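In the numbering used here, the protein residues as written are 3 to 247. Cβ atoms here follow ideal geometry from the backbone N, Cα and C, with glycine treated the same way. Source: prediction; values computed, not measured. In what follows, a structure is listed as structure tokens, so that the remarks can point back to it.
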Amino acid sequence: MDPEGFTLHQTADGTGTLYSSKMQESYHSLNGAAQESRHVFIEAGLKQCPATSIHVFEIGFGTGLNALLTWGEAKRDHLDVTYTAVEAYPLPLETTASLGYESLEPLLTKDAFSNLHVSPWECPVVLEKGCFTLCKLKGDFTTQNLTDTFDLIYFDAFAPDKQPEMWEEPLFAALYASMNENGILVTYCAKGEVRRRLQRCGFLVERIPGPPGKREMLRAIKTTLQNEKKTVAESPSRAKNIILG
Ligand SMILES: C[S@@+](CC[C@H](N)C(=O)[O-])C[C@H]1O[C@@H](n2cnc3c(N)ncnc32)[C@H](O)[C@@H]1O
Numbered sequence: 003m004d005p006e007g008f009t010l011h012q013t014a015d016g017t018g019t020l021y022s023s024k025m026q027e028s029y030h031s032l033n034g035a036a037q038e039s040r041h042v043f044i045e046a047g048l049k050q051c052p053a054t055s056i057h058v059f060e061i062g063f064g065t066g067l068n069a070l071l072t073w074g075e076a077k078r079d080h081l082d083v084t085y086t087a088v089e090a091y092p093l094p095l096e097t098t099a100s101l102g103y104e105s106l107e108p109l110l111t112k113d114a115f116s117n118l119h120v121s122p123w124e125c126p127v128v129l130e131k132g133c134f135t136l137c138k139l140k141g142d143f144t145t146q147n148l149t150d151t152f153d154l155i156y157f158d159a160f161a162p163d164k165q166p167e168m169w170e171e172p173l174f175a176a177l178y179a180s181m182n183e184n185g186i187l188v189t190y191c192a193k194g195e196v197r198r199r200l201q202r203c204g205f206l207v208e209r210i211p212g213p214p215g216k217r218e219m220l221r222a223i224k225t226t227l228q229n230e231k232k233t234v235a236e237s238p239s240r241a242k243n244i245i246l247g
């Protein structure tokens, strides 16, 4: 265990994750960290956005795994992604360096992962022109004043039973207000109460198959076309590779 209380774990797909002794929770699924991230955020989220210029907002930057995979996908699919992420407890560089994520995205250079972590906070940093711009915000999501507008939200907080304050309805309402029409929110969580909170905020919510080890996850879409009951499955997207439940 490192001095900050993190232990490195290998997950079932061979990729590492961190276990936080303070939260008594791991950062990713032990059934496969990269596999979970690709399934929940890339396949069910990023690949369902029809636009090629996409503003992503991540709640909980953490290890930077979602950011790395998003950058790789942006390069692969010729997207121009602006990636804003909020993190209250940035990880030490020694900890992120121990994860072994450098070679996860073959299209990216080996220093791409460390660039995510060494890039300054509170300002947009172009990490690859026309492909990936990162803006890390150090702070508490629960008190964040959202001024930007987003096309895609990666809701990757620790689970509701560990951090209930992150899953409160007014926060989902603020996220809804910050999203563009047809914006998508994805989370690994499938809890009924979370789904109902999202629905009360105006989202259309789908339960879709989760990553290995998890039956379902949630995907919510912002559409103000009240009479047109639309799901992501019925919307234009660049890829339809998730089977909807
Ligand atoms: C489940 S981890 C996921 C992290 C990241 N997405 C990843 O793939 O490594 C949840 C993250 O939320 C962060 N977090 C916890 N409370 C927060 C808060 N109030 N505001 C912003 N981030 C917070 C944690 O420090 C942690 O990095």
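- Relative to ligand 1, the nearest heavy atom lies less than 7 Å away from the CB of HIS30.
- Around the Cβ of ASN147, a 10 Å sphere holds fewer than 16 other Cβ atoms; the residue is exposed.
- A straight line joining the alpha-carbon of SER28 with that of THR19 spans about 7 Å.
- Excluding sequence positions up to five before and after CYS125, its CB lies within less than 8 Å of the CB of CYS137, all in the same chain and listed in chain order.
- Contact between GLN37 and ILE186 is ruled out by a C-beta separation of about 20 Å, above the 8 Å threshold.
- DSSP places PHE160 outside both helix and strand once states are collapsed to three, so it counts as coil.
- Short note on GLU107: C-beta not closer than 7 Å to any heavy atom of ligand 1.
- Rounded to whole angstroms, the separation of the alpha carbons of TYR190 and PHE63 is 15 Å.
- Residue state for TYR91 is assigned as coil, using DSSP reduced to three classes.
- Counting along the chain, the unbroken beta strand (DSSP E) around VAL127 starts and ends at 126 to 130.
- For ARG217, no beta strand (DSSP E) segment is defined, and its DSSP state is neither H nor E.
- Here the alpha carbons of ASP82 and PHE134 stand approximately 6 Å from one another.
- Where HIS119 is concerned, the enclosing alpha helix (DSSP H) starts and stops at 114 to 120.
- In the DSSP assignment, ASN33 falls outside any alpha helix (DSSP H), carrying neither H nor E.
- Looking at SER23, ASN33, GLY16, LEU70, the one whose alpha-carbon comes closest to that of GLY212 is ASN33.
- Residue pairing for LEU10: DSSP places it in a beta bridge opposite LEU20.
- The residue among PHE152, GLU218, SER121, GLU104 with its C-alpha nearest the C-alpha of PRO92 is SER121.
- Distance from the CA atom of ALA159 to the CA atom of THR149, rounded to whole angstroms, is 20 Å.
- The C-beta distance from GLY74 to LEU118 rounds to 11 Å, too long to fall under 8 Å, and the pair is not in contact.
- Annotation: the stretch 29 to 81 contains the following complete segments of the alpha helix (DSSP H) (minimum length 4 residues), in chain order: 35 to 39, 67 to 78.
- Considering only ASP113, LYS164, ILE223, the residue with the shortest C-alpha distance to GLN26 is LYS164.
- For the options PRO172, ASP153, ARG78, GLU195, the alpha carbon positioned closest to that of ASN184 is the one of ASP153.
- Between the stretch 193 to 207 and the stretch 101 to 113 there are fewer than three C-beta pairs closer than 8 Å, too few to call the two in contact.
- Distance from the CA of TRP123 to the CA of LYS140, rounded to the nearest whole angstrom, comes to 7 Å.
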